[in-house]
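Structure record follows, encoded as structure tokens.
Number of protein chains: 2
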Amino acid sequence: MPHFRGMDDDRQDTQTRRPTLSQVARAAGVSEITASRALRRDGPVARDTRDRVERAALALNYVPNRLAGTLAGAASRQVGVILPSLSNIVFADVLKGLEDRLEGDGYHPILGISNYDPLREERLLRDLLSWRPAGLVIAPARKTDVTRGLLAAADLPVVEIMDVDAESADMAVGISHYGAGRAMAHYLAGRGYRRFAYLGHGIETDFRATQRLDGFRDGLREVGVTLGNVLCLPGPSTVSLGREGLARLLAEAETPPEAVFFSNDDMAVGGAFHCQAAGIAVPEELALAGFNGLSIGQALPRPLTTIASQREHIGFVAATHLLDRLAGGRPPRVTNVDFRLIPGATA
Amino acid sequence: MPHFRGMDDDRQDTQTRRPTLSQVARAAGVSEITASRALRRDGPVARDTRDRVERAALALNYVPNRLAGTLAGAASRQVGVILPSLSNIVFADVLKGLEDRLEGDGYHPILGISNYDPLREERLLRDLLSWRPAGLVIAPARKTDVTRGLLAAADLPVVEIMDVDAESADMAVGISHYGAGRAMAHYLAGRGYRRFAYLGHGIETDFRATQRLDGFRDGLREVGVTLGNVLCLPGPSTVSLGREGLARLLAEAETPPEAVFFSNDDMAVGGAFHCQAAGIAVPEELALAGFNGLSIGQALPRPLTTIASQREHIGFVAATHLLDRLAGGRPPRVTNVDFRLIPGATA
DNA sequence: ACAGGTTATGACAGCGCTGTCAATACGGTC
DNA sequence: GACCGTATTGACAGCGCTGTCATAACCTGT
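So the protein sequences, as listed, match chains U and D.
Using our numbering, the letters of the first sequence correspond one by one to residues 59 to 405.
Using our numbering, the letters of the second sequence correspond one by one to residues 59 to 405.
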């Protein structure tokens, strides 16, 4: 409501609205722009003047309005972040790494969760873009043409995270999920196992898990082994799903597998629980391997063989590169964060 | 750079900058304000006009600038969210509930993680406030006077979440952690246990766990039992910490406990792993109880006795009340989301 | 044909801040 | 003492949008 107060009287401001820079300036006896420079520590301002302005700001409990600042030309300090899910600790870890690094430089994430839904992702992208963020960090569900178009037209730094297998428009930070699956295949084959099965969750959504499966299959093929039973159950990965899934997998298999590769640690822990409940000796009767390197897997009585996916680090590096670019640097376009195979005791 | 273009020539806009409402308006042959109304579907706009404007917006790939809109008087659609941590799935669940509900109404969270640090929380609060959000959702670490002052001066709807034990300035949504501890005491005592111990994590940070401990102690006292060993280990709760902690607790106890209450499920699952590894029969030799109702606990070979804390629901309700208030409603000041004791098989 | 209502559109100013350019004051140099 | 470079401050306009008020166009009933 623009016209709600008289032109030359904003005494009521102190009552109704938050203090503005103009009020701080008046209280300090300087012009608006000088107050602005003093508070931002930008441009030459006399020591004494700056002190006066800062005291005035403190006294008035001034909180700058960054909407106005950004609109007027200052660089935004918001970063749009789009993740496919938060049900799994994986993306929470990434987000933690992101937030931590961004916060350190005074940036803040605006968050959107796509639920692996490309249409929702599109909407989110549009919504977040309408806040004119300085940059974008996105773990794409599956990119549509609209998404691609929006990103291209947006003309801001974009970091795609989690995997480096797909091609990316701008920067990418992640691990090679295909490579991780392949590495596990080689590791398990090297341990002497020959009959393999795979137990996964909602394949239609989590395409990174699918990439690991592909890598696993190819890795086995490279050593002359064919992947046996592949069971993918609908829905998100949970410990229960892994537990029930393994029971079903073993029941259905005509020749029992020697080793099972799970889509991730949640599933694998469930598998371990099933073995324990069913009296199956691990790894003698059945070897188990997961993915992610969750702490729960390592705290099992028998630590899980898995691959550490460096989630928090991915978030941290993604934020670092984004900030670097915003500061005028030229960070690498693709950053392949190394995964690490944790031998464990289950395979 | 305000002066970068001539007054009567913004053809270059199309090249350099994102399209503005003014360009959409011109393309549709209407005034700016009509285009604004058409796109917002606010105020009377002829069907035909609206179609023209929408087509123009689409053709130009127009994305509204909400910074400008909000500055000009439209209600902000950002909500500041401050959580103490993301390492634990608990707050990720809350955030999921929040984001989901907010997204449904076109709102987006700006996130801050305080790491249980009151000073960082202060800074976050100030930073988020500078974006002039429509409201705030905060799981306070420990409120300082500055925090209180900022919240009071901010004059916007604030929902404090997680617990309803502390007094809150505006709205509160959560469970009574004291009550949860007390309920567990009564439950366990009712099952016939008499010698109790408590195993917790970083007490200096997670004051809600401390409230549960208090409630547990008082609940036992009410049935004439005294809480025995209390061991609180530094650092955040993890499965490993629970596992190692229980080993230590049992080694240190002069009279072995019959039942152990853990600060949460992560710790309790670790305890279950220790028992399994050490060959301690659960619950015959030792009963275990946790808090949170994590799915991992329920997927254990022997489902964990615990208390479901309805985390996602808390986030959802918090967002709902905030939105309600923003829409002019008067939601309850305190919403006590019921917790639910899950009997399980470990106690 | 005319008052009285509704519907559709626009002019205008301003939200709170910052980039650009201009102006002033000061110290020293030749 | 005229001149220059630097430090400090301010005037001004404008970022892109929306609330308020005013105006124009159109309908109804009499």
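Where is the CB? At the ideal position from N, CA and C, for every residue including glycine.
Of the listed residues the options, nearest to residue i (C-alpha basis)
| i | options | result |
| --- | --- | --- |
| residue 118 of chain D | U:370, U:207, U:170 | U:207 |
| residue 365 of chain U | U:405, U:174, U:294 | U:405 |
| residue 355 of chain U | U:400, U:92, U:239 | U:400 |
| residue 257 of chain U | U:176, U:234, U:371, U:346 | U:346 |
| residue 212 of chain U | U:113, U:191, U:293, U:131 | U:191 |
| residue 91 of chain D | D:267, D:395, D:127, D:260 | D:127 |
| residue 283 of chain D | D:132, D:389, D:113, D:253 | D:253 |
| residue 247 of chain D | D:351, D:275, D:375 | D:275 |
| residue 317 of chain U | U:301, U:309, U:341 | U:341 |
| residue 250 of chain D | D:201, D:259, D:269, D:315 | D:315 |
Residue i - DSSP class collapsed to helix/strand/coil
| i | result |
| --- | --- |
| residue 245 of chain D | helix |
| residue 299 of chain D | helix |
| residue 136 of chain D | strand |
| residue 48 of chain D | Shown here, chain D extends from 59 to 405; a query on residue 48 of chain D therefore has no answer. |
| residue 406 of chain U | Residue 406 of chain U lies beyond the range of chain U shown here (59 to 405); nothing can be said about it. |
| residue 365 of chain D | strand |
| residue 340 of chain D | coil |
| residue 286 of chain D | strand |
| residue 251 of chain U | coil |
| residue 272 of chain D | helix |
| residue 236 of chain D | helix |
| residue 319 of chain D | strand |
| residue 106 of chain D | helix |
| residue 125 of chain D | helix |
| residue 82 of chain D | helix |
| residue 262 of chain U | coil |
| residue 207 of chain D | helix |
| residue 385 of chain D | coil |
| residue 230 of chain D | strand |
| residue 97 of chain U | helix |
| residue 144 of chain U | coil |
| residue 193 of chain D | strand |
| residue 214 of chain D | coil |
| residue 66 of chain D | Unreliable placement is indicated for residue 66 of chain D, whose pLDDT of 38 sits below 50; the coordinate value is still reported in the next sentence. Here residue 66 of chain D sits in coil by DSSP. |
| residue 117 of chain U | helix |
| residue 223 of chain D | coil |
| residue 404 of chain D | coil |
| residue 313 of chain D | coil |
Proximity of residue i and residue j at Cβ, strictly below 8 Å
| i | j | result |
| --- | --- | --- |
| residue 233 of chain U | residue 367 of chain U | yes |
| residue 299 of chain D | residue 291 of chain D | yes |
| residue 334 of chain D | residue 361 of chain U | no |
| residue 289 of chain U | residue 277 of chain U | no |
| residue 171 of chain U | residue 143 of chain U | yes |
| residue 338 of chain D | residue 168 of chain U | no |
| residue 96 of chain U | residue 89 of chain U | no |
| residue 215 of chain U | residue 384 of chain U | yes |
| residue 297 of chain U | residue 244 of chain U | no |
| residue 210 of chain D | residue 227 of chain D | yes |
| residue 150 of chain U | residue 140 of chain D | no |
| residue 287 of chain U | residue 305 of chain U | no |
| residue 325 of chain U | residue 351 of chain U | no |
| residue 402 of chain D | residue 378 of chain D | no |
Cβ shell of residue i (< 7 Å), same chain only, five flanking positions each side left out
| i | result |
| --- | --- |
| residue 65 of chain U | Because the pLDDT of residue 65 of chain U is 36, which lies under 50, any placement of that residue in the model is unreliable, and the question is left without a value. |
| residue 266 of chain U | 220, 221, 235 |
Same chain, Cβ closer than 6 Å to residue i, five either side skipped, listed in chain order
| i | result |
| --- | --- |
| residue 373 of chain U | 152, 155, 156 |
| residue 165 of chain D | 135, 137 |
| residue 230 of chain D | 218, 222, 392 |
| residue 56 of chain D | Residue 56 of chain D lies beyond the range of chain D shown here (59 to 405); nothing can be said about it. |
| residue 69 of chain D | Any reading at residue 69 of chain D needs caution, since the residue's pLDDT is 39, under 50, leaving its predicted position unreliable; the model's value is listed next. For residue 69 of chain D, where only same-chain residues beyond five positions count, there are no Cβ hits under 6 Å. |
| residue 263 of chain U | 174 |
| residue 370 of chain U | 151, 154, 155 |
| residue 120 of chain D | 77, 82 |
Same chain, Cβ closer than 8 Å to residue i, five either side skipped, listed in chain order
| i | result |
| --- | --- |
| residue 205 of chain D | 176, 179, 180, 183, 198 |
| residue 397 of chain D | 233, 234, 237, 238, 241, 365, 366, 367, 368 |
message: So if I threshold CB-CB distances at 9 Å, which residues from the segment 114-137 of chain D count as touching chain U?
response: 119, 121, 122, 123, 124, 125, 126, 127, 128, 129, 130, 131, 134, 135, 136
task: Report the residues of the segment 184-212 of chain D with a CB closer than 9 Å to any CB of chain U, ordered along the chain.
output: 184, 185, 186, 187, 188, 189, 190, 207, 208, 211, 212
- request: Scan the segment 319-343 of chain D for residues whose Cβ lies nearer than 9 Å to a Cβ of chain U and list them as they occur along the chain.
  value: Hits within the stretch, in order: 324, 327, 328, 331, 332, 334, 335.
message: Please list, in chain order, the residues of the segment 350-380 of chain D that have any C-beta partner in chain U closer than 8 Å.
response: 353, 354, 356, 357, 358, 359
- prompt: Using a beta-carbon distance cut-off of less than 9 Å, what residues from the segment 252-266 of chain D approach chain U?
  reply: Among the residues of the segment 252-266 of chain D, none has a Cβ less than 9 Å away from any Cβ of chain U.
field: Contacting positions in the segment 283-296 of chain U - beta carbon closer than 9 Å to chain D
entry: 296
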